[in-house]
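Numbering (the working numbering), first residue to last: 219 to 394.
Beta carbons are placed, not taken as given, at the ideal position from N, Cα and C, and that holds for glycine.
Reviewing the structure listed below.
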Amino acid sequence: IQNNKYGQLYYNSIFDMYAEWGIDFIKIDDLSRPYYTDEIEMIRKAIDNCGRPIVLSLSPGKTQFQYAQHCLENANMWRITDDFWDNWETLLYMFDRCEKWQDHVSPGCWPDCDMLPIGRIQKTELLPEYRNRYTRFTHDEQITMMTLWGIFRSPLMIGAEMRENDEFTLSLLQNR
Numbered sequence: 219i220q221n222n223k224y225g226q227l228y229y230n231s232i233f234d235m236y237a238e239w240g241i242d243f244i245k246i247d248d249l250s251r252p253y254y255t256d257e258i259e260m261i262r263k264a265i266d267n268c269g270r271p272i273v274l275s276l277s278p279g280k281t282q283f284q285y286a287q288h289c290l291e292n293a294n295m296w297r298i299t300d301d302f303w304d305n306w307e308t309l310l311y312m313f314d315r316c317e318k319w320q321d322h323v324s325p326g327c328w329p330d331c332d333m334l335p336i337g338r339i340q341k342t343e344l345l346p347e348y349r350n351r352y353t354r355f356t357h358d359e360q361i362t363m364m365t366l367w368g369i370f371r372s373p374l375m376i377g378a379e380m381r382e383n384d385e386f387t388l389s390l391l392q393n394r
């Protein structure tokens with residue numbers, strides 16, 4: 219949708235409806251890469267005028283660092299990485315991503331490291347080696363990941379089957 223009167227009217231109508239429904243969180247995909255500045259601004263304006271506070275999450279990443287200030291001004295969350303999965307190399311790389319984005323964390327604005335792949339992360343899958351499996355992260359790696367997300371103040375959302383968490387996963391989620 220181009221930044222024009224009709225595009226803004228469309229977004230206004232959608233967010234007015236979301237506000238009427240009581241929605242308080244919305245994640246919108248395919249705005250971060252490429253980064254759609256005008257469209258994000260229309261969405262922000264529609265949220266600001268809908269009469270309800272709604273958290274705006276931009277995904278998937280990785281959002282280009284050159285748009286950091288625009289994210290701070292228009293979104294509440296934005297992915298700073300591509301899809302994050304359960305292998306040490308991606309976790310190690312996340313330390314660099316967090317260091318780069320650390321000065322852009324503020325109240326109401328959170329660079330998003332993506333979901334926490336803990337617990338049973340794949341229930342169904344065509345490939346047998348991935349079907350019905352728990353995270354491949356070791357216990358120490360899971361603790362490291364939870365610590366990094368917490369220190370960085372990344373949103374804490376898990377990508378797991380909640381009803382089938384093991385005791386260790388529950389201990390991570392319930393750790394005050």
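I believe residue i touches residue j by the beta-carbon criterion, under 8 Å. Please report the beta-carbon distance rounded to the nearest angstrom.
i	j	result
G279	S250	6 Å
D304	I339	7 Å
E259	N294	The pair is not a contact, with the Cβ atoms about 14 Å apart (cut-off 8 Å).
M333	G377	4 Å
Y281	Y253	Position check: residue 281 holds Thr in this sequence, whereas Tyr was assumed. Sure, about 7 Å apart at Cβ, within 8 Å.
For residue i, which option in the options has the closest C-alpha, if you only look at C-alpha atoms?
i	options	result
T299	G368, M380, T308 and D266	T308
G326	I272, N350, M333 and L366	I272
F233	K223, D248 and L274	L274
E379	D321, R349, G337 and C331	G337
Q287	Q320, L310 and D314	Q320
C331	L374, R354, H357 and T342	L374
F243	Y228, W296 and D256	W296
R262	L227, G240 and E238	L227
Y352	D314, F386, L290 and Y285	F386
Is it buried or exposed for residue i, if we count other Cβ within 10 angstroms and need 16 for buried?
i	result
S389	exposed
S231	exposed
N221	Residue placement at N221 is poorly supported in this model, since its pLDDT is 49, which falls under 50; the coordinates are not used for a value here.
I369	exposed
F283	exposed
L276	buried
E382	exposed
F302	buried
M312	buried
M235	exposed
N393	exposed
F355	buried
P329	buried
W306	exposed
W367	buried
I219	Low per-residue confidence applies at I219: pLDDT is 49, beneath 50, and the placement is therefore not dependable enough to give any value.
C316	buried
S372	buried
Going by the DSSP bridge assignment, what does residue i pair with across the sheet?
i	result
W239	W239 is not bridged to any residue.
K245	S275
L213	Residue 213 lies beyond the stretch modelled for the chain, which goes from 219 to 394, so this question has no answer here.
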